Amino acid sequence: PHSRARVTSDKSSGAVAAPEDITSELNPLLWLPKGVVSRGYGLLPPLLKVLSDRGPQSWESQVPRLQPDSRALRYMKRLYKMSATKEGIPKASRGHLYNTVRLFTPCSECQHHHRDPREGDVHSVDLLFNLDRVTTLEHLLKSVLLYSFDTSVPTSPSITCLCHLSVKEHDFSSQVCPSVSHSIAFSLHFEVGRRKWVEIDVTSFLQPLIATHRRNIHLAVNVTCLMGDPQHSPRLANPIHVALVPPSLLLYLNDTSEQAYHRWNSLRHRRKSPAWPRQSNSPHVEPTGDRGTENSQGKRASRRR
Amino acid sequence: REENPKAAPATSPSNLSEYFKQFLFPQNECELHNFRLSFSQLKWDKWIIAPHRYSPQYCKGDCPRVVGHRYGSPVHTMVQNIIYEKLDSSVPRPSCVPAEYSPLSVLTLEPDGSILYKEYEDMIATKCTCR
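These protein sequence lines map, in sequence, to chains R and D. Per this note's numbering, residue 1 is the first one in the first sequence, and the count goes up by one each step. Per this note's numbering, residue 1001 is the first one in the second sequence, and the count goes up by one each step.
Below is the structure:
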C-alpha cells in the first residue's frame, strides 16, 4: 500500500468490518484500518484482490469453471519458465515489453470437416472468444492464433497451409445471421520436425476489434493443408491428414495499472541511481522479446542521449 | 588493574573481539528476514499455477537513534527521532520497513477458463530502511 497518507489510523478498531463476501480467514486485510477496506479494493495488489475475491467458497459457488485446454496450459507453463526465474521473478534478460499474457480457448465451435482430395484436408472452424477478462488498462501489443500441431504420421518434412480468416459481426438488433465484416487470406509454410505449436500473428487483423474493447470476437477460420513446399514443387500434391485442434487466442498486453510491473520504469530508476551499473541500451526489441537489429542511428542517438 | 583492584576482570582476546563486534554489528537491528510460503499451504494452488513457492520476505528490528547513511533513510527519520526524544514521545520512533521491492510473475487460472500470466509490482521485499 503506497498511499499511506490515506490510511486513517483508527486506534479503537482492532478488527475490520469486512464486506460480506470475504471469508475472514482468507482476507489478509483484516488487520488494516476500517477506512481502507470500506473504500474497496483500490489498495490491494491485484494478486491479493483476485485471490480475496476467490475464496474457496467463491470458487465453488461460481458457475462450474471451464478447465483450460491441457495443451494451452502446457504452452503457458513453458512461457512462464521462459519469462520468470524459479523464484518467480521476471527475467531481466528477456527484455519483452509485455507484462501480461492472456490465453483464451474458444468457448464455442462448429467444426465442419470434409475431405476433398482435390482441395486437400479442409478444416473450417467457427470460433467465439470471450474477452471479458481483459481490462481497459491492458493495452494490446500483439495477438496470435495458437495452433497446437501433432501429425500422427509425418508424411512430409514440410507442410503448406492456406488459411482464410474472417471476423463475423453479430447484429443482435436484427435476427439476420452474422455477417462477415472483414477477412484475410494467407498461406503458412513450415517444417514439420518436432514443432508442436504454430503461432499465426493476427495483430493487425484483430487490432480494430480489441482496441474498441470488444468483449466477444467471432472468427471463422478455414484451413487447407497440403504436403510440400510451393517454392520447390510448384504443384502442391497429396493432401495430408493434419490433426488441427481449434486454435487458442494469445494476447500479449501491457498493463499500465499501478499494480503491474513496469520494467522500463524500474530500468530508468536503476539508471538514475549510481548504485546500479549503467545498462547497455538494449537494441530494438519486439513486444515478445525477439531481438531486432539495432540500427546505427539508434546507437548514435542513444550515445548522444 | 593494580591501581584499582575492583576494575572489570581481564578478558581473553577472543572475548574482546566478540565484545567489540556488537558495536560493529549491532544485534536486532533493522534488517531483511527470509520468509517463504507455498501457495498450497494457503490452498490457493487451485488457481495459482506458478510459482509454487513465494518468498515475500519481511523487515524487522530496531532502528538506531542515528540512522542516516547505513539505511539510506531520509533526513526526516532523524528529525522524527528528535521529535520523539525531545518534543513529543507520543510520536512513534521510525520503524523498520521495506525500502525496495522486486516484482513477481504469476500464472493463474481465470474463472472463465482462460490462463493469465502477469507481472506484479512490489511483491518481494529486497531491502529495508528506517523511516
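Beta carbons: idealized from backbone N, C-alpha and C, even for Gly. All figures in this text were calculated on a predicted structure; none of them were measured in a lab.
Residues of chain D with CB under 9 Å from residue i, in chain order?
i: I200/R; result: Result: empty, since nearest Cβ-Cβ is about 19 Å, beyond 9 Å.
i: L329/R; result: The first residue shown for chain R is 1 and the last is 305, placing residue 329/R beyond what the model contains.
i: N130/R; result: D1112, S1114
i: S83/R; result: S1105, Y1117, E1119
i: R214/R; result: Correct list: empty, because the minimum Cβ distance to chain D is about 15 Å.
In chain D, which residues lie less than 7 Å from residue i when you measure between Cβ atoms?
i: V101/R; result: Y1117
i: Q259/R; result: Y1120, E1121
i: D126/R; result: By Cβ distance, chain D contributes nothing, its closest Cβ being about 18 Å from D126/R, past 7 Å.
By the 10 Å Cβ neighbour count, where 16 or more other Cβ atoms means buried, how is residue i classified, buried or exposed?
i: K86/R; result: exposed
i: Q259/R; result: buried
i: Q1041/D; result: exposed
i: V1079/D; result: exposed
i: V202/R; result: buried
i: S1017/D; result: exposed
i: V144/R; result: buried
i: T1077/D; result: buried
i: Y1071/D; result: buried
i: T1108/D; result: buried
i: H218/R; result: buried
i: P157/R; result: exposed
i: N1015/D; result: exposed
i: A92/R; result: exposed
i: S148/R; result: buried
i: I159/R; result: buried
i: E1110/D; result: buried
i: I89/R; result: buried
i: E169/R; result: exposed
Using three-state DSSP, classify residue i as helix, strand or coil.
i: S1017/D; result: helix
i: F186/R; result: strand
i: L137/R; result: coil
i: P247/R; result: coil
i: N1028/D; result: coil
i: H1052/D; result: coil
i: E1085/D; result: helix
i: Y98/R; result: coil
i: D21/R; result: For D21/R, the pLDDT reaches just 41, beneath the cut-off of 50, and the residue's location in the model is therefore unreliable, although a value from the coordinates is still provided. Residue state, collapsed to three classes: coil.
i: W264/R; result: helix
i: S83/R; result: helix
i: P1074/D; result: coil
i: P208/R; result: helix
i: T203/R; result: helix
i: L73/R; result: helix
i: V1079/D; result: helix
Given that residue i touches chain D, what residues does it touch there, using C-beta distances under 8 Å?
i: T105/R; result: G1113, S1114
i: P68/R; result: L1109, G1113, S1114, I1115
In whole angstroms, give me the CA-to-CA distance for residue i and residue j.
i: T224/R; j: C163/R; result: 6 Å
i: E191/R; j: C161/R; result: 11 Å
i: W264/R; j: E1031/D; result: 28 Å
i: C1130/D; j: Y80/R; result: 35 Å
i: L251/R; j: N1028/D; result: 48 Å
i: I1048/D; j: Y1101/D; result: 21 Å
i: P1103/D; j: M1123/D; result: 5 Å
i: G55/R; j: C107/R; result: Per-residue confidence for G55/R stands at a pLDDT of 48, beneath the threshold of 50, marking its modelled position as unreliable; no derived number is given.
i: N216/R; j: I200/R; result: 20 Å
i: V1091/D; j: N1034/D; result: 29 Å
i: S83/R; j: Y1019/D; result: 48 Å
i: P209/R; j: C1063/D; result: Per the sequence shown, the amino acid found at residue 209/R is Leu instead of Pro. Whole-angstrom Cα-Cα distance: 55 Å.
i: H139/R; j: L253/R; result: 5 Å
i: A185/R; j: L165/R; result: 6 Å
i: A211/R; j: L131/R; result: 12 Å
i: Y1058/D; j: L1037/D; result: 12 Å
i: F205/R; j: K142/R; result: 10 Å
i: K1046/D; j: F104/R; result: 18 Å
i: S187/R; j: V134/R; result: 30 Å
i: R78/R; j: A1050/D; result: 11 Å
i: P246/R; j: H1052/D; result: 30 Å
i: V1066/D; j: K1127/D; result: 19 Å
i: V307/R; j: S1105/D; result: As shown, chain R starts at 1 and ends at 305. That puts residue 307/R outside it, with no answer to give.
How would you list, in chain order, the residues of chain R whose beta-carbon sits under 8 Å from the beta-carbon of residue i?
i: I1049/D; result: L73, M76, K77, Y80
i: S1102/D; result: I89
Please list, in chain order, the chain R residues whose beta carbon lies closer than 7 Å to that of residue i.
i: P1056/D; result: What P1056/D touches in chain R: nothing, since even the nearest Cβ is about 11 Å away.
i: S1089/D; result: Ordered by position in chain R, no residue passes the 7 Å Cβ test against S1089/D, which lies about 16 Å from the chain.
Got a sec: is the Cβ-Cβ distance from residue i to anything in chain B below 8 Å?
i: S1017/D; result: This model lacks chain B altogether; the protein chains it does include are R and D.
For the stretch 1107-1124 of chain D against the stretch 95-107 of chain R, are there 3 or more C-beta pairs whose distance is under 8 Å? yes
Do three or more CB pairs link the stretch 70-78 of chain R to the stretch 1082-1093 of chain D at distances below 8 Å? no
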